[in-house]
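Peer 1:
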Amino acid sequence: VATRMIEYFDTLATFDVVGALVLGEDMGFKTQTLLSPEVYREYLFPWHAKLVKAVHTHGKPIILHSCGNLREIMDDIIDCGWDAKHILKQVLIIVQAVACFFVTEKPHHILKDAPGATCDNLHSLGKKLDHMLHG
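Heads up, the final residue of the sequence shown is numbered 135 in full-length UniProt numbering, and it's a clean run with no missing numbers.
1) For HIS48, does the three-state DSSP call read helix, strand or coil?
2) Rounded to whole angstroms, what is the Cα-Cα separation between CYS80 and THR3?
3) Among residues of its own chain, excluding the 5 on either side of ILE6, which ones have a beta-carbon nearer than 7 Å to its beta-carbon?
4) With H, G and I counted as helix, E and B as strand and the rest as coil, what does DSSP make of HIS56?
5) Over the uninterrupted beta strand (DSSP E) stretch that includes LEU21, give me the two end residues.
6) Keeping to the same chain, check which residues put their C-beta closer than 7 Å to that of ASP26; ignore five residues upstream and five downstream.
Below is the structure:
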């Protein structure tokens, strides 16, 4: 399967109309990776590195989308050479809240759809972001 995926992405990257490629590869859930980091390192990341290299030979960027908490394997993901990692929606909401608070002091405008995102709990959201990013 991995060999076929590499061939497929390699072919897609040859088309002038393709500006970038995205791979969806969910590797985690809310609290941790789906499999142990060792399994990803042994079986998946060598293929990811080959896939990224194949796309890069055509001068195209490749983006990884993966849901879940990938903190334990983020360095491995970076080492594969991905050009970007699609960000988690929850992190985006927290970043927007913090940015909006410091810029406008009215986070309710940008966060009207985010449950519990009010001025009163913005500090708590910032702590959650710090925990997600730094453990």
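The beta-carbon is built from N, C-alpha and C at its ideal position, and this holds for glycine as well.
Peer 2: Result, derived from the coordinates:
1) Residue state, collapsed to three classes: helix.
2) Whole-angstrom Cα-Cα distance: 16 Å.
3) So the qualifying residues of the chain are LYS50, LEU51 and ALA54.
4) When DSSP states are grouped into helix, strand and coil, HIS56 belongs to the helix group.
5) From DSSP, the beta strand (DSSP E) with LEU21 extends over 21-24.
6) Sequence-distant Cβ neighbours of ASP26 in its own chain, meaning closer than 7 Å and more than five residues away, are SER66, CYS67 and GLY68.
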